[in-house]
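The sequence shown runs -7 to 178 under my numbering. One structure is given here, and the rest of the page talks about it.
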Amino acid sequence: GGVMRPGIVHRLDKDTSGLLLVAKNDHSHRLLSAQLKARKISREYIALVAGKVKPERGRIEAPVGRHPVHRQKMAVVEGGRVAVTHYTVLKYFNSYSLLCLNLETGRTHQIRVHLAHIGYPVAGDPVYSSSHDRGLPPELAVPQALHARKICFTHPRSGEVMTFSVPLPPEFKKGLIWLQEQGCSS
């Protein structure tokens, strides 16, 4: 064995729950990072967003880069890096939609920027939603309703395809049950 230096292969935004891929050593980190760069790692997210998303399936392709004025934020900007997000509506609630999202690329804040750009910000997002959209029901006690649910990659040593998934956090589930009980789902 080589030197054990674990390393994060991809990051999650602050307040996003779910799976994170961490390499056990430098060699694995290099190979997994190469897979990520070559778009060979699939990542699936669940998000609750403000509004009723139409159409029910879609592809958001819009370049993402630093916001020209607020440099700590990202935005859809001319000359930004190519960014592609696919989405499917899983369920509608009264004033929310539950989405399944797949990343084709992995830009900083990509899902949050893309969804805000098309007018459906992630519920509770402190950066990319208006104060009107930030107000989550107290029953949905998550800082931001975005969850990294599934990741699929090729194991760097064995070559085996590995798929891992994790359920929604209990507070996210509880909030969805509450929304359902309000009789406002379809």
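Ideal Cβ placement from N, Cα and C applies to all residues, glycine included.
Separation of residue j from residue i, as counted between CA atoms
i, j, result
"Ser89", "Gly50", "14 Å"
"Lys29", "His78", "18 Å"
"Ala54", "His109", "9 Å"
"Trp170", "His101", "28 Å"
"Thr80", "Ile103", "13 Å"
"Cys92", "Tyr112", "13 Å"
"Arg196", "Glu96", "Residue 196 lies beyond the residue range present for the chain, which begins at -7 and ends at 178; the question has no answer from this structure."
"Val76", "Gln174", "34 Å"
"Val153", "Arg35", "14 Å"
"Glu70", "Gln64", "17 Å"
Candidates the options, of which the one nearest residue i by Cα
i, options, result
"Ser150", "Leu12, Leu171, Leu24, Glu36", "Leu24"
"Gly(-1)", "Met154, Ser34, Leu12, Ile169", "Leu12"
"Pro135", "Ser9, Arg31, Gln64", "Ser9"
"Asp7", "Leu168, Ala140, Gln27", "Ala140"
"Phe156", "Lys142, His147, Thr146, Pro148", "Lys142"
"Ser121", "Arg99, Met66, Gly167, Pro47", "Met66"
Three-way DSSP call (helix, strand, coil) for residue i in this model
i, result
"Gly43", "coil"
"Gly(-6)", "Note that Gly(-6) scores a pLDDT of 48, beneath 50, so its modelled location is shaky; the value from the coordinates is reported in the next line. Correct three-state label for Gly(-6): coil."
"Glu36", "strand"
"Glu173", "helix"
"Ala54", "coil"
#### Entry: Start-end ranges of the alpha helix (DSSP H) lying completely within the segment 78 to 134, minimum 4 residues
102 to 109, 123 to 126
### Query
Do three or more CB pairs link the segment 155 to 164 to the segment 54 to 67 at distances below 8 Å?
no
### the segment 26 to 45 contacting the segment 106 to 122, beta-carbon criterion three pairs below 8 Å
yes
### Task
Jot down the residue ranges of each uninterrupted beta strand (DSSP E) in the segment 136 to 167, minimum 3 residues, whole runs only, in chain order.
138 to 146, 153 to 157
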